[in-house]
Amino acid sequence: GAVVSQHPSRVICKSGTSVKIECRSLDFQATTMFWYRQFPKQSLMLMATSNEGSKATYEQGVEKDKFLINHASLTLSTLTVTSAHPEDSSFYICSARRSGGPDTQYFGPGTRLTVL
Amino acid sequence: GNSVTQMEGPVTLSEEAFLTINCTYTATGYPSLFWYVQYPGEGLQLLLKATKADDKGSNKGFEATYRKETTSFHLEKGSVQVSDSAVYFCALTGRSQGNLIFGKGTKLSVKP
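Those protein sequence lines, which keep their order, are chains A and B. Residue numbering for the first sequence follows the numbering used here, beginning at 1 and increasing consecutively. Residue numbering for the second sequence follows the numbering used here, beginning at 1 and increasing consecutively.
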C-alpha cells in the first residue's frame, strides 16, 4: 500500500516559537505533496501544493512567510510554522500524490499543533 | 470555482440500517470525485472514487455513482456496521495539480 507518515503527531509550543512538521511517503515517490489545515468540525482547507525541487504554490490567504514549505526530496516535504501564535493551533494534514500514478492522494495521519 | 456540498451530520443509525450521505458539487470541466473516510484518531483514507460520468465507485459495501446531470455523488451502503462509525468526506479534484476540494464532512455513528 501507499503509506504516508507525519512527524510529530502532536506538538505543543510556546507563542513565538517555530515548529517543523515532516511528511514522508514511505513506500513510493511523490513529486507532489499537499498541505491541508483542518479546524474542529470543519473541512480540510488546502494551504499549499509542494513540488519536489521547486517553490511551493500557496493558496490565497495563506502567508508563505509564515508557513514555510520545503520539498527537498521525492519522499519528504516539511512545513514550518514560524513565530507561531495561538490562532495557528490546528490539525495539519499532508498528502502525497504518487509519481506517475492516478489522481489519488494518500494522506498522513495529521499533526495536532497547540500554541500556548 | 469548484466546490462540494455534503449533508451535515451527525448521522446516527442502528446497525444494519441503510445509509445515504448526500454530496453535490459545482465544477468546471470534468473533475474526479472521491469519498474519503476518517476513522477516530486516524488519517483520511480513500474509500472510493469515480473519474467520469456514470462511473460507480465501490468498496467495503459502500458505493457512489458519478451523476453529471444532477452533479451528485451520493454515498450509500445497504447495511451499516458499528465499525463504519467515522467521518466521511466528499471531495473532487481542483483546478490545478490535482489538489482536492473537500466537503465539510459528515460524522456517522452506528449503534449496536
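Heads up, the beta-carbon is just placed ideally off N, CA and C, and yes, glycines get one too. Being a predicted model, the structure only gives us computed values, none of them experimental.
Taking C-beta to C-beta, are residue i and residue j nearer than 7 Å?
i      : j      : result
G105/B : F107/A : no
V11/B  : L108/B : yes
T26/B  : S72/B  : no
L79/A  : I69/A  : yes
T75/A  : N99/B  : no
L113/A : V4/A   : no
S99/A  : T31/A  : yes
V110/B : L13/B  : yes
Taking residue i as the reference, give the member of the options with the closest Cα.
i      : options                        : result
K66/A  : T49/A, G53/A, T75/A and H85/A  : H85/A
K14/A  : A96/A, S5/A, Q42/A and V81/A   : V81/A
D88/A  : S9/A, Q6/A and S18/A           : S18/A
H71/A  : S54/A, P109/A and R10/A        : S54/A
S28/B  : I101/B, Y39/B and V110/B       : The displayed chain sequence assigns Thr, not Ser, to residue 28/B. When only C-alpha atoms are compared, the closest one is I101/B.
N51/A  : P40/A, Q29/A, Q42/A and S43/A  : Q29/A
M47/A  : L116/A, V11/A, S95/A and T75/A : S95/A
T111/A : A2/A, I21/A, I69/A and V3/A    : I21/A
S85/B  : T26/B, E76/B and Y39/B         : Y39/B
Q45/A  : V62/A, L74/A and S99/A         : Reading off the sequence, residue 45/A comes out as Met, not Gln. When each option's Cα is compared against that of M45/A, the closest is V62/A.
F62/B  : K68/B, T70/B, E69/B and K49/B  : K49/B
S9/A   : R67/B, E15/B, S3/B and G41/B   : G41/B
Within 10 Å of its beta-carbon, does residue i have 16 or more other beta-carbons around it, so buried, or fewer, so exposed?
i      : result
Q38/A  : buried
S25/A  : buried
Q42/A  : exposed
Q6/A   : buried
Q56/A  : According to the sequence as given, residue 56/A is Ala; it is not Gln. A56/A should be labelled buried.
S90/A  : buried
A53/B  : exposed
L75/B  : buried
L47/B  : buried
G103/B : buried
What span of residues does the beta strand (DSSP E) with residue i cover, start to end?
i      : result
Q81/B  : It is not in any beta strand (DSSP E) - Q81/B carries neither H nor E in the DSSP assignment.
K57/B  : Inspection of the sequence shows that residue 57/B is occupied by Gly rather than by Lys. First-last of the beta strand (DSSP E) with G57/B: K56 to N59.
S14/B  : V11 to S14
L46/B  : L44 to A50
V115/A : T111 to V115
M47/A  : L44 to N51
F89/B  : A86 to T93
K107/B : T106 to K111
E63/B  : F62 to T65
E22/A  : V19 to S25
L79/A  : L76 to V81
F107/A : Q105 to F107
Is there contact between the stretch 44 to 60 of chain B and the stretch 4 to 12 of chain B, where contact requires at least three CB pairs shorter than 8 Å? The stretch 44 to 60 of chain B and the stretch 4 to 12 of chain B do not touch, with fewer than 3 CB-CB distances between them shorter than 8 Å.
Examine the Cβ distances between the stretch 11 to 19 of chain B and the stretch 66 to 81 of chain B and report whether three or more of them are shorter than 8 Å. Remark: three or more beta-carbon pairs, one from each stretch, lie closer than 8 Å, so the stretch 11 to 19 of chain B and the stretch 66 to 81 of chain B are flagged as touching.
Is the number of C-beta pairs between the stretch 21 to 38 of chain B and the stretch 82 to 93 of chain B that are closer than 8 Å three or more? Result yes; three or more Cβ-Cβ pairs closer than 8 Å.
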